[in-house]
Amino acid sequence: MSNPTDQNQVTQYLLGTLPEVERERLDELSVTSQEFAESLSASEKDLIDSYVQGELSGTMSAQFESHYLATLIRRERVAFAEAFQVFARTQRVFDDSSIRDQADLDKKRKRGWLSRLNIFGGQYPALQWGLAAAAIVLFAGGAFLLLQNVRLREQMSIEQAHRDELQQREMQLQKEIDQQRGSNTAIEQELAQVREERARLEEELKKSGKLPISGTAIASFVLTPQMRGVGQAQSVSMPANTGRVTMRLNLEPNDYQTFAVVLIDQANHQELWRSGKLKASAKGDDRTLNVSFPAGLLKPQVYALQVSGISANGRSEGLSDYPFKVVKY
Amino acid sequence: MVSTAHKQNRSAELREQTFRRLLAWLDQGVDTNGQSYLAIRERLLGYFDRKNCLNADDLADETLNRVARRLDEEGGNIETETPAKYCYIVARFVFMEYLRANEKEIAALDNVSRQANAISSEDRDRKEKMLGCLDGCAAKLEVTQRELIFGYYSGEQRVKIENRRSLAQTLGVSVNALSIRACRIRDKLESCVKDCAKRE
């Protein structure tokens with residue numbers, strides 16, 4: 039079925055040149071469809087105006103005159119169109135401001151309530167300026183808040199980055215501490231092992247009768263005075279790492295109260311050590327002198343301790359020699 | 031014995047009742063205040079006129095009378111077709127009857143119309159009367175209606191087309207909607223002018 043709004047078809051229908059089948063179809067539409075009827079009426083008026091203005095071709099004009107002008111009703115329409123054309127020419131310069139105003143009004147009505155806010159129509163200048171100022175303030179405030187927001191976000195990012203950095207540093211330091219602790223633990227363990235070994239060795243040495251090897255050990259001996267004539271020096275055995283030697287010297291009977299002792303290297307007769315004024319210790323009838331001197335002075339050779347008595351007036355007299363032979367192990 | 035006046039009154043009441051029933055049926059539930067009746071009558075008039083019927087007005091009325099009578103018989107409702115379609119079906123029957131009844135006269139009129147001058151003296155007189163009435167009838171239109179119709183029909187050929195396009199844009203409507211609006215105003219003006227011309 040062809041388009042009923044085809045203008046060419048409609049023109050043919052009005053001029054009576056349409057085939058019967060199509061003509062009947064448009065006949066029915068012209069009654070059953072208000073929309074088509076109005077479109078048909080508009081086309082008919084345009085056709086009439088074209089005829090009146092001499093715009094139709096020769097053929098169409100002939101068809102118009104032979105068919106369209108067949109009824110009184112249609113001739114009256116043509117007469118009206120002619121009169122209207124003449125009258126319209128007298129209205130040549132027309133003012134369409136009313137149409138434009140009406141169009142604006144219609145648009146405002148269509149916008150509904152929004153159209154009532156049309157306060158910029160020039161009727162309320164104070165309100166107009168006030169609203170403009172308020173709009174500017176709102177805009178400025180909005181822009182300020184936006185900038186503040188951006189700045190705070192940037193600041194937050196920086197601080198977050200710093201916090202992350204500190205967190206990483208903390209983790210690193212913790213790791214180093216853990217490593218140190220681990221290292222200390224290893225050292226402590228090693229130290230404990232060494233101590234255990236030393237204790238074990240000292241125990242063994244104790245059992246074997248030998249003094250434990252220690253830099254702070256004191257070797258003690260008892261020496262008797264050398265007998266008249268040449269005799270063997272007393273052997274004293276001391277660990278190599280003895281720190282101090284203590285000698286108890288059994289004194290021959292004498293009248294002195296104060297004594298002095300000198301250590302002599304028998305090899306070269308060099309004085310190695312001298313004591314201060316000493317007092318003898320008495321035990322029954324026997325008196326002894328205790329002297330102590332660094333073991334480092336002694337080598338594996340013969341030495342002698344010379345004991346002198348010191349009188350009240352400070353004059354000293356040699357009393358006895360105590361030779362001894364050092365044996366280090 | 032029933033008086034003639036009573037019969038006439040009774041007929042009038044029946045006609046009024048029938049007419050109201052017809053209006054209601056044409057409205058299809060939407061009260062148009064008789065506009066549906068006027069619209070379908072106008073369309074029937076156009077149909078009979080395009081069929082070159084001499085008395086298109088009478089034939090349109092006859093069609094609607096028959097539809098109204100059928101409505102009475104059917105109890106106020108015809109469900110087989112829509113109102114417009116049913117009216118067309120009845121109109122076709124009316125036209126066929128008209129053709130059979132006026133076959134000879136129609137043939138004679140066809141010959142006359144083919145030989146007729148484009149514009150007769152009667153047409154010229156008619157035109158002059160209408161021209162005289164146009165000023166008064168145009169004044170009865172609203173300002174916007176007057177501006178629209180003269181704006182719509184101003185100019186020739188291409189200029190007319192451009193004017194209509196511009197006018198449609200100003201009004202914010204399609205060209206088709208504008209043409210329908212202009213047509214209705216022109217019909218209103220034409221009706222006023224015809225009535226005016228008949229009185230003179």
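From first to last, the protein sequence lines are chains G and Z. 39 is the number of the first residue of the first sequence in the numbering used here; add one for each residue after it. 31 is the number of the first residue of the second sequence in the numbering used here; add one for each residue after it. No residue lacks a Cβ here, since even glycine has one placed at the ideal position from N, Cα and C. All of these numbers come straight from a predicted model, not from anything done at the bench.
- Restricting attention to Ser258(G), Gly179(G) and Ser104(G), the CA atom closest to the CA of valine 329(G) is found in Ser258(G).
- Per DSSP, valine 120(Z) is one residue of the alpha helix (DSSP H) stretching across 113-131.
- For arginine 61(G), the enclosing alpha helix (DSSP H) covers residues 58-70.
- Annotation for lysine 366(G): the continuous beta strand (DSSP E) segment containing it runs 354-366.
- Taking the beta carbon of glutamate 186(Z) as reference, the chain G residues within 8 Å of it are Gln91 and Glu93, listed in sequence order.
- Cα atoms of glutamate 290(G) and methionine 276(G): separation of roughly 26 Å, rounded to the nearest angstrom.
- Between leucine 53(G) and phenylalanine 102(G), the C-beta spacing is below 8 Å.
- For tyrosine 77(Z), the enclosing alpha helix (DSSP H) stretches over residues 65-80.
- In the displayed model, isoleucine 111(G) falls within a helix according to three-state DSSP.
- Methionine 160(Z) belongs to the set of residues whose beta carbon lies under 8 Å from a beta carbon in chain G.
- Counting other Cβ atoms within 10 Å of its Cβ, phenylalanine 123(Z) stays below 16 and is therefore classed as exposed.
- Going by DSSP, leucine 219(Z) is part of the alpha helix (DSSP H) stretching over 205-229.
- In this structure, proline 361(G) places its C-beta atom within 8 Å of the C-beta atom of glutamine 264(G).
- Of all residues in the segment 210-221 of chain Z, those with a C-beta nearer than 9 Å to a C-beta of chain G are Ile210, Ala212, Cys213, Arg214, Arg216, Asp217, Leu219 and Glu220, reading in chain order.
- Taking a beta-carbon distance threshold of 8 Å, threonine 70(G) counts as an interface residue toward chain Z.
- In the three-state scheme derived from DSSP, where H, G and I count as helix and E and B as strand, leucine 343(G) is classed as strand.
- With the criterion set as a beta carbon lying under 9 Å from some beta carbon of chain G, the members of the segment 169-195 of chain Z are Glu172, Val173, Thr174, Arg176, Glu177, Leu178, Ile179, Phe180, Gly181, Tyr183, Ser184, Glu186, Gln187 and Lys190, in sequence order.
- Glutamate 93(G) has its alpha-carbon roughly 23 Å from the corresponding atom of leucine 178(Z).
- Going by DSSP, serine 275(G) is part of the beta strand (DSSP E) stretching over 272-276.
- Taking 7 Å as the Cβ-Cβ cut-off, the segment 68-97 of chain Z approaches chain G at Ala69, Arg73, Leu74, Gly76, Tyr77, Asp79, Asn82 and Ala86, given in chain order.
- In this structure, the beta-carbon distance from aspartate 359(G) to alanine 342(G) falls below 8 Å.
- Contact note: alanine 114(Z) reaches chain G through Val69, Thr70, Ser71 and Gln72, using a C-beta cutoff of 9 Å and chain order.
- At a cut-off of 8 Å between beta carbons, valine 124(G) contacts chain Z.
- For threonine 97(G), the enclosing alpha helix (DSSP H) has its first and last residue at 96-105.
- For alanine 320(G), the secondary structure class from DSSP, reduced to helix, strand or coil, is strand.
- Pairing glutamine 217(G) with glutamate 208(G), the inter-Cα distance amounts to about 14 Å.
- Pairing glutamine 47(G) with glutamine 47(Z), the inter-Cα distance amounts to about 42 Å.
- Lys115(Z) is the residue among Leu208(Z), Lys115(Z) and Ala131(Z) whose C-alpha sits nearest the C-alpha of valine 69(G).
- Counting the other Cβ atoms within 10 Å of the Cβ of histidine 105(G) gives 16 or more, which makes it buried.
- Judged by beta-carbon spacing, glutamine 123(G) lies within the 8 Å limit of valine 90(G), meaning their Cβ atoms are closer than that value.
- For tyrosine 118(Z), the residues of chain G that pass the 7 Å Cβ criterion are Glu66, Val69 and Thr70, in the order they occur in the chain.
- When Arg214(Z), Ser221(Z) and Cys222(Z) are compared, the shortest CA-CA separation from glutamine 72(G) is found for Arg214(Z).
- Against chain G, the CB of lysine 224(Z) has a partner CB under 8 Å away; the residue lies at that interface.
- By the neighbour-count criterion, in which 16 or more other beta carbons inside 10 Å mark a residue as buried, tyrosine 367(G) falls on the exposed side.
- In this structure, leucine 75(Z) and aspartate 87(Z) form a Cβ contact; the two beta carbons are roughly 6 Å apart against a cut-off of 8 Å.
- Here the segment 61-80 of chain Z makes contact with the segment 103-121 of chain Z; the two share three or more CB pairs at distances below 8 Å.
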